[in-house]
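In my numbering, the protein residues as written are 24 to 213.
Quick reminder that beta carbons are idealized off the backbone N, C-alpha and C, glycines included.
Values in this document were obtained by computation on a predicted structure and should not be read as measured data.
Data first, discussion second: the structure below is written as structure tokens.
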């Protein structure tokens with residue numbers, strides 16, 4: 024079995040294991056690297072094929088398509104498990120780094136929501152409930168003028184290199200303008 028077939032087969036095995044597993048199945052980081060490298064190799068072979076529309080080119084295109092579908096289904100299944108773990112308040116085992124980051128975001132949002140609901144139940148009054156998501160931590164890549172955030176507070180001006188914690192909508196505007204980058208949450212210990 025060639026290296027290309029091996030990557031494809033390993034992806035199929037990882038998918039099958041995810042289907043069988045109650046929790047998140049172990050996905051080696053090395054497999055993620057191998058999938059990316061194999062897909063890149065297939066794309067390059069398709070672009071440089073001597074005979075456009077040949078059987079070999081169509082087979083490579085089909086393999087890419089199948090790999091995309093299998094990977095998409097694998098990730099959807101993992102997403103459902105991460106969301107379930109967040110709802111139950113348990114850290115998912117075998118989570119990939121981006122899944123742990125999502126889990127933390129979900130936990131923060133769910134905790135805020137539950138606090139809001141507990142207060143509403145205590146007061147027996149849902150009329151004043153306003154859900155507020157956590158702040159976003161940004162670093163400004165260039166100078167940015169002061170803005171009024173969604174809470175009506177004046178923020179800034181921001182100098183290049185400034186770090187600010189902003190409400191989500193305000194942060195999104197700075198990100199969309201290309202003036203800032205989000206600072207990711209700390210990495211999990213290895």
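- When secondary structure is reduced to three states using DSSP, residue 50 falls in the coil class, being assigned neither helix nor strand.
- For residue 163, the enclosing beta strand (DSSP E) begins and ends at 159-163.
- By the Cβ test, the region 85-94 is not in contact with the region 111-119, since fewer than three Cβ pairs between them sit closer than 8 Å.
- Counting only the Cα atoms, residue 191 lies some 17 Å from residue 185.
- Contact annotation: residue 194 and residue 149 have beta-carbon atoms that are not nearer than 9 Å.
- Within the model, the alpha-carbon separation for residue 189 versus residue 134 is close to 19 Å.
- Cα atoms of residue 108 and residue 76: separation of roughly 46 Å, rounded to the nearest angstrom.
- Within a 10 Å sphere around the beta-carbon of residue 104 sit 16 or more other beta-carbons, which makes this residue buried.
- Here residue 83 is buried. Its C-beta has 16 or more other C-beta atoms within 10 Å.
- Here residue 48 is buried: its Cβ has 16 or more other Cβ atoms, across all protein chains shown, within 10 Å.
- Taking the CA atoms as reference points, residue 85 sits about 10 Å from residue 79.
- As the crow flies, the alpha-carbon of residue 100 is around 8 Å from that of residue 42.
- Here residue 166 is near residue 180, since their CB atoms are less than 9 Å apart.
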